[in-house]
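**Student:** Note that full-length UniProt numbering gives residue 227 to position 227 of the sequence shown, counting from 1, and the numbers run on in steps of one.
For reference, the structure I am asking about is given below.
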Amino acid sequence: MDKKELFVMYFCVVLTMSVMYATQPLQPHFEEILQISKFQASLFMTATLIPLAFASIFYGFLLEKITIKKALIVAFGAFSVLEFIFASTSSYTLLLSIRVLQGFIVPVALTGIVSFISQNSSSKKIASAVSAYVGITILGGFFGRLLSGICSDLFGWRVFFYFISLMLALAVFLLCRIKGDAVSGYSKPKFRTILQIFEIRHNFYTYLAIFCIFFVFQGVLNIMPFELLRLDGNFSGSKIGFMYFGYIIGILVSFNAAKIVKFFGNEIKAIMVGAIIFTVSIQILRIENYGVIFTGMLIFCLGSFIAHSVANGFINKRALSHKAICNGLYISFYYAGGALGTFVPGFFYGIGGWGLFLSVLTVVLFCAIFCIYKLKKYEKREILS
1 MDKKELFVMY FCVVLTMSVM YATQPLQPHF EEILQISKFQ ASLFMTATLI
51 PLAFASIFYG FLLEKITIKK ALIVAFGAFS VLEFIFASTS SYTLLLSIRV
101 LQGFIVPVAL TGIVSFISQN SSSKKIASAV SAYVGITILG GFFGRLLSGI
151 CSDLFGWRVF FYFISLMLAL AVFLLCRIKG DAVSGYSKPK FRTILQIFEI
201 RHNFYTYLAI FCIFFVFQGV LNIMPFELLR LDGNFSGSKI GFMYFGYIIG
251 ILVSFNAAKI VKFFGNEIKA IMVGAIIFTV SIQILRIENY GVIFTGMLIF
301 CLGSFIAHSV ANGFINKRAL SHKAICNGLY ISFYYAGGAL GTFVPGFFYG
351 IGGWGLFLSV LTVVLFCAIF CIYKLKKYEK REILS
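Quick look at the structure:
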């Protein structure tokens with residue numbers, strides 16, 4: 001796999017993450033211009049995340065024999081058309097329907113990209129190429145949010161989505177020109193195998209912990225734009241976009257996960273520290289000041305990304321068999337938590353404001369910490385036996 005093909009794959013990753021997250025900082029703006037509720041605006045994120053919760057398990061039945069290149073060309077072609085329609089309409093129903101369709105395409109794009117990279121890279125370069133992929137997904141999420149916010153202030157919200165549509169069309173052109181290809185290599189997961197994986201305690205507790213962590217993560221990211229609008233009085237896409245700057249910390253964490261584990265002694269301790277840092281950051285966000293919230297968000301991202309990056313590696317390390325399904329279930333729990341986090345906490349925000357909202361999220365994080373504690377106890381019992 002040459003550098004040009006790798007660049008095309010990474011370019012596609014950035015575009016996919018931009019499609020996923022570009023609407024998030026604009027939700028208060030959509031609430032105003034479309035005359036919809038906060039709950040309806042928050043569904044723009046929910047609609048994209050829900051399919052990701054199930055795709056990693058069930059897409060194997062659909063993609064078992066299709067070539068990766070063909071899947072990516074179709075996916076990015078559909079992305080481009082849908083993004084153009086999204087930028088051109090003012091119908092909430094149509095906008096939300098497009099987000100649902102994009103949610104079903106995102107797993108095809110991301111799994112296709114990572115499969116293409118792993119199957120077309122030499123054994124010596126696979127680890128570094130996939131690590132770079134993880135970092136670039138984080139970078140894409142950050143730039144998608146930041147640039148959509150800035151473009152909204154400067155040119156109106158539609159311009160960024162037209163631009164992304166054009167870039168997606170360019171991605172299709174570039175994908176048609178790459179030479180490498182492979183079959184996706186999916187295997188059909190058996191229900192019995194999934195149950196066996198759940199019966200392993202360290203899997204069960206890790207899945208529950210990461211569900212809670214991403215529930216809180218998406219809850220804050222989704223409601224924060226509305227809270228900043230309340231504090232400031234006027235919508236500023238740029239101000240909201242810069243709040244996601246903590247994602248840069250996520251890139252550093254993802255590339256240094258092994259060093260973090262070594263520093264704390266083992267994976268479970270590192271996950272616990274990440275969850276505790278995450279919980280502390282939620283309390284900092286209670287101080288209703290833009291500068292303090294910005295600082296709190298940096299700590300928030302640090303804690304979240306430590307827990308997530310180490311937990312993901314922990315699941316893969318402990319899986320002696322069925323690694324693909326173990327990892328698929330991890331992704332499913334991760335995004336299921338995120339999907340619920342995009343709208344369930346919003347009810348508490350509507351009832352009791354920012355304070356009650358953060359209190360509910362703190363309780364959820366205590367559940368995550370309890371799961372990690374049980375994981376630690378189970379690990380000790382395993383060592384003694």
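Note that CB positions come from ideal geometry on N, CA and C, so glycine has one too.
1. I'd like the list of long-range same chain contacts for Gly237, defined as Cβ closer than 8 Å, with 5 residues on each side in sequence excluded.
2. For residue 386, which three-state DSSP category applies?
3. Please classify Val216 as buried or exposed, where buried requires at least 16 neighbouring CB atoms within 10 angstroms.
4. Less than 8 Å between the beta carbons of Tyr244 and Leu146, yes or no?
5. Looking at Gly350: is its Cβ nearer than 8 Å to the Cβ of Lys38?
6. Counting only runs of 3+ residues fully inside the region 198 to 247, write out the beta strand (DSSP E) ranges in chain order.
7. On the DSSP letters alone, give me the boundaries of the alpha helix (DSSP H) that Lys69 sits inside.
8. Return the CA-CA distance between Ile315 and Thr206, expressed in angstroms with no decimal places.
9. Under the rule that 16 or more other beta-carbon atoms within 10 Å means buried, what is Ser91, buried or exposed?
10. Please go through the same chain and pick out, in chain order, the residues whose beta-carbon is closer than 8 Å to the beta-carbon of Ile251, but skip the five residues on each side of it.
11. Mind checking Cys176: buried by the 16 CB within 10 Å criterion, or exposed?
12. As a quick exercise: from Ile372, Ala311, Ser281, Phe84, pick the residue whose alpha carbon is nearest that of Leu298.
13. With DSSP run on the structure shown, which of helix, strand or coil describes Ala22?
14. Could you check the C-alpha separation between Ile343 and Asp2 for me, to the nearest Å?
15. Excluding the five sequence neighbours on either side, which residues of its own chain have a C-beta within less than 7 Å of the C-beta of Ser165, listed in chain order?
16. What's the gap between the Cα of Phe160 and the Cα of Gly265?
17. Using only the alpha-carbon positions, how far apart do Asp232 and Leu356 sit?
18. Among the candidates Lys269, Gly303, Met272, whose CA atom is the shortest distance from the CA of Gln283?
19. Cβ atoms of Ile372 and Ala257: under 8 Å apart, would you say?
20. To which residues of the same chain is Val364 closer than 7 Å at the C-beta, ignoring the five residues directly before and after it?
21. Starting from the C-beta of Thr46, find all residues in its chain whose C-beta is less than 7 Å away, skip the five residues before and the five after it, and write them out in chain order.
22. Who are the near neighbours of Gly241 in its chain, counting only those whose CB is closer than 8 Å to its CB and skipping five residues on each side?
23. By alpha-carbon positions, which one of Pro107, Thr89, Ala336, Val100 ends up nearest to Leu72?
24. Taking just the CA atoms, how far does Ile50 sit from Met224?
25. Along the chain, where does the alpha helix (DSSP H) containing Glu267 start, and where does it finish?
26. Rounding to the nearest angstrom, what Cα-Cα distance links Leu228 and Tyr290 in this structure?
27. With a cut-off of 8 Å on the beta carbons, I'd call Gly103 and Ala75 a contact; round off their distance for me.
28. Would DSSP call Gly156 helix, strand or coil?
29. In angstroms with no decimal places, state the Cα-to-Cα distance between Gln218 and Gly353.
**Tutor:** Let me lay it out:
1. Within the sequence shown, the letter at position 237 stands for residue 237. These residues qualify, in order along the chain: Pro25, Leu26, His29, Ser148, Gly149, Ile150, Cys151, Ser152, Asp153, Trp157.
2. This structure cannot speak to residue 386, because the chain is shown only from 1 to 385.
3. The count along the sequence shown starts at 1 and reaches residue 216 at position 216. Classification of Val216: buried, given that the 10 Å Cβ count is 16 or more.
4. Looking up residue 244 in the sequence shown gives position 244. Looking up residue 146 in the sequence shown gives position 146. Yes, the pair counts as a contact, with Cβ atoms nearer than the cut-off.
5. Walking along the sequence shown from the start, residue 350 turns up at place 350. Walking along the sequence shown from the start, residue 38 turns up at place 38. Yes, the Cβ-Cβ distance between Gly350 and Lys38 is below 8 Å.
6. none
7. One-based indexing of the sequence shown puts residue 69 at position 69. Residues 68 to 88.
8. Indexing the sequence shown from 1 puts residue 315 at position 315. Indexing the sequence shown from 1 puts residue 206 at position 206. Taking the straight line joining both Cα atoms gives about 8 Å.
9. To locate residue 91, count along the sequence shown from 1; it is residue 91. Label assigned to Ser91: exposed.
10. On the sequence shown, position 251 is the one that residue 251 refers to. The residues are Gly135, Ile138, Leu139.
11. Working through the sequence shown from its first residue, we reach residue 176 at position 176. Exposed, because fewer than 16 other Cβ atoms sit within 10 Å of the Cβ of Cys176.
12. Here residue 298 refers to the residue found at position 298 of the sequence shown. Residue Ser281 is the option with its Cα nearest to Leu298.
13. Numbered from its first residue, the sequence shown carries residue 22 at position 22. In this structure, Ala22 counts as coil in the three-state DSSP scheme.
14. As a first step, residue 343 is located in the sequence shown; it is residue number 343 there, counting from the start. As a first step, residue 2 is located in the sequence shown; it is residue number 2 there, counting from the start. One point to set straight first is that residue 343 is Phe, not Ile, in the sequence displayed. Looking at the two C-alpha atoms, the distance is approximately 42 Å.
15. By 1-based counting over the sequence shown, the position of residue 165 is 165. Cβ neighbours of Ser165 beyond the five flanking positions: Ser80, Glu83, Phe84, Ala87.
16. In the sequence shown, the residue the question calls residue 160 occupies position 160. In the sequence shown, the residue the question calls residue 265 occupies position 265. The C-alpha of Phe160 lies about 45 Å from the C-alpha of Gly265.
17. Stepping through the sequence shown from its first residue, residue 232 is reached at position 232. Stepping through the sequence shown from its first residue, residue 356 is reached at position 356. Spanning the alpha carbons of Asp232 and Leu356 requires a straight line of approximately 20 Å.
18. As a working mapping, residue 283 is identified with position 283 in the sequence shown. Closest option to Gln283, Cα to Cα, is Gly303.
19. Walking along the sequence shown from the start, residue 257 turns up at place 257. Walking along the sequence shown from the start, residue 372 turns up at place 372. Not closer than 8 Å, so no.
20. Counting from 1 along the sequence shown, the entry for residue 364 is found at position 364. If we look at Val364 and ignore the five residues flanking it on each side, its Cβ neighbours are Cys212, Phe215, Val216.
21. To locate residue 46, count along the sequence shown from 1; it is residue 46. So the list reads Ala339, Thr342, Phe343, once near-sequence residues are dropped.
22. Against the sequence shown, residue 241 aligns to sequence position 241. Same-chain partners within the cutoff: Pro25, Arg145, Leu146, Leu147, Ser148, Gly149, Ile150.
23. In the sequence shown, residue 72 corresponds to position 72, counting from 1. Closest in C-alpha terms to Leu72, from the list Pro107, Thr89, Ala336, Val100, comes Pro107.
24. Walking along the sequence shown from the start, residue 224 turns up at place 224. Walking along the sequence shown from the start, residue 50 turns up at place 50. Going from the Cα of Met224 to the Cα of Ile50 covers about 20 Å.
25. Sequence index remark: in the sequence shown, residue 267 carries index 267 (1-based). Run containing Glu267: 267 to 284, per the alpha helix (DSSP H) assignment.
26. Within the sequence shown, residue 228 is the residue found at index 228, counting from 1. Within the sequence shown, residue 290 is the residue found at index 290, counting from 1. Taking the straight line from one Cα to the other gives about 8 Å.
27. To locate residue 103, count along the sequence shown from 1; it is residue 103. To locate residue 75, count along the sequence shown from 1; it is residue 75. That belief does not hold up - the Cβ atoms of Gly103 and Ala75 are roughly 12 Å apart, past 8 Å.
28. Translated into the one-based positions of the sequence shown, residue 156 becomes position 156. Coil.
29. As a position in the sequence shown, residue 218 is number 218, starting the count at 1. As a position in the sequence shown, residue 353 is number 353, starting the count at 1. Cα-Cα distance, rounded: 17 Å.
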